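Residue numbers (the working numbering), protein chains in the order written: chain A, 18 to 171; chain B, 5 to 428.
From the three backbone atoms N, C-alpha and C, an ideal C-beta is built for every residue, glycine too.
Remember, it's a predicted structure, so these values are computed and weren't measured experimentally.
In structure tokens:
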């Protein structure tokens, strides 16, 4: 990890992490982050890109055009089909960052046609917060996080 | 990824555009996973149906366009040849005979039937059930499969000892045309050993308790491999079907071991295969109650709709429901749908079970379920079901509230129109 302004009492404003490409490409945008795993079929609305699962941290929020940070996939094997349809409906995330590799997330990321990365050198879910600006350069295996300041987007 | 000459020739297009697009998807998918190679499979269970409104636009361009986009992730429309692997269709969104009861428009029902003629003519067997293992697709121990349907996957791995990951619509579409799937995850023997020991401290015997245990474990264990020890009574196909479906809904369980019962665990030691025990999970009365309360989100005891058969009922379950209903009438305020695979419906018709259920005022449905079709009786606000999976998904998908209980609780709710179940 390298940050430009790391100091003992100042949170870094810019963090760079290396990781493994899952799907190539490069995209940037505002982050939406959850500690809860996500279901595709039965867990998201594929027209709006919203999470619909009861008792989910992101219930009612949309990942459309955002950089989605989450632990991984769970639930039905319709995971890929629902993210696939979200793409066809223009409601897919702009990029994905996740921790736990499974067939659901691998296939889902592939058919979403958005840059995706995993195996980051530090847990991205502790470093990235909702509202941060994140660039996912999967081709070069780099994630660049710009922290929002004082609760405001950067 | 390392490819054989045969696989390379498919990828290069020497065996047609459809196989080239299928291999392209498998290579992208395999590389995303980090797989080193593909493995041969001759048992594919996928979702080839065209039963939702969102497919209609593609279906107007023909079913080659549907298969290309949705089963191969290919924007290039390719002409789809016969499948090379034995392939079956899992559950669909429409009951081909009773679509009117579901409230499905005529044109969608026709679209699904046209789709089936197309898929059937290419060798896809229209089992149209989430439980292919109940209607003749019973892979043997060690057989490499490419299955979708989380409840079928966990059954295939754990109870049958065959090998599959949770595949998706696109990977099964590609596997059916190539006879290949990434060699990763549960295809590899070393990845199939247990990770968590579950100390079952209450008796788990009836279907409802197997469902509760599964629902609790899925949430706690996510997609790791539980090994059950303690007070589990001898299960049956039905009980393990419900257990696995529940664990694959609240979490991502794709494999478990029940030493002395499931084929890769003659003993606790064999179940773990030398793996350290990552954690021990206790399942006692408190945990059982948590699972029950998480599943029961309803407060209104008036029940509009009773759904039985997720995963699809076996013929024994249909008989139990028919016997509980014999000579009785369900409430005028409540509808009852009993779901079973079409092949078993044939037996239910022949035995008179269907008639017994219809005479009580219920319906026997096949090919689909409310969570998949997103169709329930009009105006349903409160549903009762014996399925943890359905009680988990229906509120999220359709906004109804749910009661979960035993099949007897559910049949009583259908007759009285009131929920009187509870945890014993």
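Who does residue 49 of chain A pair with in a DSSP beta bridge?
Paired residues: A:85.
Please classify residue 371 of chain B: does DSSP put it in a helix, a strand, or coil?
Coil.
DSSP three-state label for residue 78 of chain A, please.
It is coil, neither helix nor strand.
Using a C-beta to C-beta distance shorter than 7 Å, which residues of chain B count as neighbours of residue 48 of chain A?
Those within 7 Å of residue 48 of chain A in chain B number zero; the least Cβ separation is about 21 Å.
Please report the distance separating the alpha-carbon of residue 266 of chain B from that of residue 260 of chain B.
Residue 266 of chain B and residue 260 of chain B: Cα-Cα distance of roughly 8 Å.
In three-state DSSP terms, what is residue 275 of chain B?
Residue 275 of chain B falls in the helix class under three-state DSSP.
What are the start and end residues of the alpha helix (DSSP H) that includes residue 11 of chain B?
First-last of the alpha helix (DSSP H) with residue 11 of chain B: 9–15.
Assess, as a yes-or-no matter, whether the stretch 348–359 of chain B is touched by the stretch 305–312 of chain B under the definition of 3 or more beta carbon pairs within less than 8 Å.
Touching, no, given that fewer than three Cβ pairs across the two stretches are closer than 8 Å.
Considering Cα atoms alone, identify which of A:69, A:104, A:58, A:108 is closest to residue 79 of chain B.
Closest option to residue 79 of chain B, Cα to Cα, is A:104.
Quick one: which chain B residues come within Cβ less than 8 Å of residue 147 of chain A?
What residue 147 of chain A touches in chain B: nothing, since even the nearest Cβ is about 21 Å away.
Listed from N- to C-terminal order along the chain, which residues in the stretch 370–381 of chain B have their beta-carbon within a distance smaller than 7 Å of any beta-carbon of chain A?
Here the close residues are 375.
Could you check if residue 40 of chain B belongs to the surroundings of the ligand SAM, using beta carbon to heavy atom distance under 7 Å?
The model on display carries no ligand, and the ligand SAM is accordingly not part of it.
Would a check of beta-carbon distances place residue 57 of chain B closer than 8 Å to chain A?
Not closer than 8 Å to any Cβ of chain A, the Cβ of residue 57 of chain B fails to qualify, so no.
Which residues share a DSSP beta bridge with residue 309 of chain B?
Answer is B:339, B:387.
Against chain B, with Cβ distances strictly below 8 Å, would residue 126 of chain A count as a contact?
Yes, because at least one Cβ of chain B sits closer than 8 Å to the Cβ of residue 126 of chain A.
Establish whether the CB of residue 74 of chain A and some CB of chain B are separated by less than 8 Å.
No, residue 74 of chain A does not count as interfacial toward chain B.
Hey, would you say residue 272 of chain B sits closer than 8 Å to residue 280 of chain B, going by beta carbons?
Not a contact, by the Cβ cut-off of 8 Å.
Can you tell me whether residue 77 of chain B is buried or exposed? The criterion is at least 16 other CB atoms within 10 Å of its CB, across all chains shown.
Buried: at least 16 other Cβ atoms inside 10 Å.
Below 8 Å between beta carbons: does that hold for residue 42 of chain A and residue 132 of chain A?
Contact: yes.
Alpha carbon to alpha carbon, how far is residue 379 of chain B from residue 55 of chain A? Give it in angstroms, no decimals.
Cα-Cα distance, rounded: 23 Å.
Would you mind telling me which residues of chain A sit closer than 7 Å to residue 189 of chain B, beta carbon to beta carbon, in chain order?
The answer, in chain order, is 120.
Where does residue 349 of chain B land, buried or exposed, given buried means 16+ other C-beta within 10 angstroms?
Under this definition residue 349 of chain B is a buried residue.
Output, in sequence order along the chain, the residues in the stretch 90–124 of chain A whose CB is closer than 9 Å to any CB in chain B.
From the stretch 90–124 of chain A, only 90, 91, 92, 93, 94, 95, 96, 97, 98, 101, 102, 105, 106, 117, 118, 119, 120, 121, 122, 123, 124 have a Cβ closer than 9 Å to chain B.
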